[in-house]
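These notes are about the structure you will find just below.
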Amino acid sequence: MEILKCISILIFSLSLLIALSNGSNADERKPYIVYMGELPEDTTLLLDDHHSLLSEAIGDETIARESKIHSYGRSFNAFAARLLPDEAERLSQKEGIVSVFPNTVRRLRTTRSWDFIGMTETVQRNQQAESDTIVAVLDTGIWMESQSFNDTGFGPPPAKWKGKCDQGVNFTGCNNKVIGAQFFNLDKKAATNEISPADFEGHGTHTASTAAGIPVPGANLDGFANGTARGGVPSARIAAYKVCWSSGCSDINLLGAFDAAISDGVDIVSVSVGGPARSFFKDS
1 MEILKCISIL IFSLSLLIAL SNGSNADERK PYIVYMGELP EDTTLLLDDH
51 HSLLSEAIGD ETIARESKIH SYGRSFNAFA ARLLPDEAER LSQKEGIVSV
101 FPNTVRRLRT TRSWDFIGMT ETVQRNQQAE SDTIVAVLDT GIWMESQSFN
151 DTGFGPPPAK WKGKCDQGVN FTGCNNKVIG AQFFNLDKKA ATNEISPADF
201 EGHGTHTAST AAGIPVPGAN LDGFANGTAR GGVPSARIAA YKVCWSSGCS
251 DINLLGAFDA AISDGVDIVS VSVGGPARSF FKDS
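Per the UniProt record's numbering, the sequence shown runs over residues 1 to 284.
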């Protein structure tokens, strides 16, 4: 009898814990992206508009101000905020809102890119056109000491370039090959010792050199496969946007980099990240 009583108490306790857990999850604010499409002609009141929409959905101006994470307004109209599910639903019903979706933390991906897009090993090149091409790489940053990014023979950046070169830990600065380097920690998840455009993981350096690294003779893997390594457009310029940290690649950071890259004047955007499998509708 005592055993049955103990089991009953245990089951009741577990049920109570589960109920409390579900309740707390329902009341927990989570990051969402609120996408509103193209920018209005007059962007002077963009931040006020975002705050007004958020205040209406939440019902409290102070909480709305504390909940907003970031406003995107250089290339498209959107903002990120911590919302409850019902607040996200209310926002999605408002006029002028294209979509509201939860922030997803994505992971690094790399595949046989050139084979996949059907590129040939040799192609007729126009070096002047290449030199005016700016490739944005959204990844783990860039390691400037790599031979792939030597700027010998490169002139100044194209006149259309409007980007910048951030400073940070173990980062030596940009050159005429890597003309821009920025980092995006909008979700505040990066560790202090990571705050830099420098690539401490290696993936961003790999993808940037694959896209536009200059020819490097004598490249090999522990003495095997010796040859010349070069990118697809070796005379192109590179702009590195660090969006992936040890915590992953957050949508909030990715969109911040897209917003900046388009405004900065890049021609091509390379993003070697992916997320969990989703429905075809959500992927479209």
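Where is the CB? At the ideal position from N, CA and C, for every residue including glycine. Just so it is clear, the structure is predicted and the values come from calculations on it, not from any experiment.
Query - Proximity below 9 Å, CB of Trp143 to CB of Gly202 - result: In the sequence shown, the residue the question calls residue 143 occupies position 143. In the sequence shown, the residue the question calls residue 202 occupies position 202. Yes, the pair counts as a contact, with Cβ atoms nearer than the cut-off.
**Report entry** Cut-off 6 Å between Cβ atoms - residues of its own chain near Pro158, not counting five sequence neighbours on either side
**Finding:** As a position in the sequence shown, residue 158 is number 158, starting the count at 1. For Pro158, where only same-chain residues beyond five positions count, the Cβ hits under 6 Å are Asp132.
Query raised in the report: What are the boundary residues of the beta strand (DSSP E) that includes Leu83?
Result: To locate residue 83, count along the sequence shown from 1; it is residue 83. Run containing Leu83: 78-83, per the beta strand (DSSP E) assignment.
Query raised in the report: So is Phe76 in contact with chain B if we call contact Cβ pairs under 9 Å?
Result: Among the chains in the structure shown there is no chain B, since it carries only a single protein chain.
Query raised in the report: Rounded to a whole number of angstroms, what is the C-alpha to C-alpha distance between Arg90 and Ile33?
Result: Numbered from 1 along the sequence shown, position 90 holds the residue referred to as residue 90. Numbered from 1 along the sequence shown, position 33 holds the residue referred to as residue 33. Going by the C-alpha atoms only, they are around 14 Å apart.
Report task. Could you tell me the distance, in whole angstroms, from the CA atom of Asn126 to the CA atom of Glu95? Result -> Here the question's residue 126 lines up with position 126 in the sequence shown. Here the question's residue 95 lines up with position 95 in the sequence shown. So the alpha carbons of these two residues sit roughly 47 Å apart.
Query raised in the report: Start and end of the beta strand (DSSP E) containing Gln93?
Result: Position 93 of the sequence shown, counted from the start, is the residue given in the question as residue 93. Looking at the DSSP string, Gln93 is not in any beta strand (DSSP E), and its letter there is neither H nor E.
Requested in this report: Using alpha carbons as the reference points, say which of Ala211, Phe224, Ala225, Val243 lies closest to Gly232.
Outcome: Locating residue 232 in the sequence shown gives position 232, where the first residue counts as 1. For Gly232, the nearest C-alpha among the options comes from Ala211.
Query - Cys244 - partner residues in DSSP beta bridges - result: Translated into positions along the sequence shown, residue 244 becomes position 244. Paired residue(s): Cys249.
Query - C-beta contact flag for Val273 and Asp139 at 9 Å - result: For the purposes of this step, residue 273 is identified with residue 273 of the sequence shown, where counting begins at 1. For the purposes of this step, residue 139 is identified with residue 139 of the sequence shown, where counting begins at 1. For Val273 and Asp139, yes; Cβs fall inside 9 Å.
Report task. Find out if the Cβ-Cβ distance for the pair Pro156, Leu83 is shorter than 9 Å. Result -> Locating residue 156 in the sequence shown gives position 156, counting from the first residue. Locating residue 83 in the sequence shown gives position 83, counting from the first residue. No, the Cβ-Cβ distance between Pro156 and Leu83 is not below 9 Å.
Report task. Compute the Euclidean distance between the alpha carbons of Glu145 and Ala261, then round it to the nearest angstrom. Result -> On the sequence shown, position 145 is the one that residue 145 refers to. On the sequence shown, position 261 is the one that residue 261 refers to. Roughly 23 Å between the two C-alpha positions.
Query - Ile134, DSSP secondary structure in three states - result: Here the question's residue 134 lines up with position 134 in the sequence shown. Correct three-state label for Ile134: strand.
Query raised in the report: With respect to the beta strand (DSSP E) encompassing Leu221, which residues constitute its N-terminal and C-terminal limits?
Result: As a working mapping, residue 221 is identified with position 221 in the sequence shown. Looking at the DSSP string, the run of the beta strand (DSSP E) that includes Leu221 is 216-221.
Report task. Determine the burial state of Asp166: buried for a count of at least 16 other Cβ atoms within 10 Å of its Cβ, exposed for fewer. Result -> Here residue 166 is taken as the residue at index 166 of the sequence shown, counted from 1. So Asp166 counts as buried.
Query raised in the report: Does DSSP put Gly180 in a helix, a strand or coil?
Result: Working through the sequence shown from its first residue, we reach residue 180 at position 180. Strand at Gly180.
Query raised in the report: According to the Cβ coordinates, are Asn185 and Phe149 closer than 9 Å?
Result: As a working mapping, residue 185 is identified with position 185 in the sequence shown. As a working mapping, residue 149 is identified with position 149 in the sequence shown. No, Cβ-Cβ distance for Asn185 and Phe149 is not below 9 Å.
Requested in this report: Please report the residue range of the beta strand (DSSP E) in which Ile33 lies.
Outcome: Position 33 of the sequence shown, counting from 1, holds the residue named residue 33. Where Ile33 is concerned, the enclosing beta strand (DSSP E) stretches over 30-35.
Requested in this report: Look up Phe200 in the DSSP assignment and say whether it is helix, strand or coil.
Outcome: As a working note, residue 200 is residue 200 in the sequence shown. Note: Phe200 maps to coil in three-state DSSP.
Query raised in the report: For Leu45, which three-state DSSP category applies?
Result: Along the sequence shown, read from residue 1 onward, the residue named residue 45 stands at position 45. If DSSP states are grouped into helix, strand and coil, Leu45 belongs with coil.
Requested in this report: Quick one: residues in its chain with C-beta nearer than 7 Å to the C-beta of Pro197, no 5 flanking neighbours on either side, listed in chain order?
Outcome: Position 197 of the sequence shown, counting from 1, holds the residue named residue 197. Cβ within range, chain order: Gly141, Ile142, Asp166, Gly168, Phe171, Ala181, Gln182, Phe183, Ala240, Lys242.
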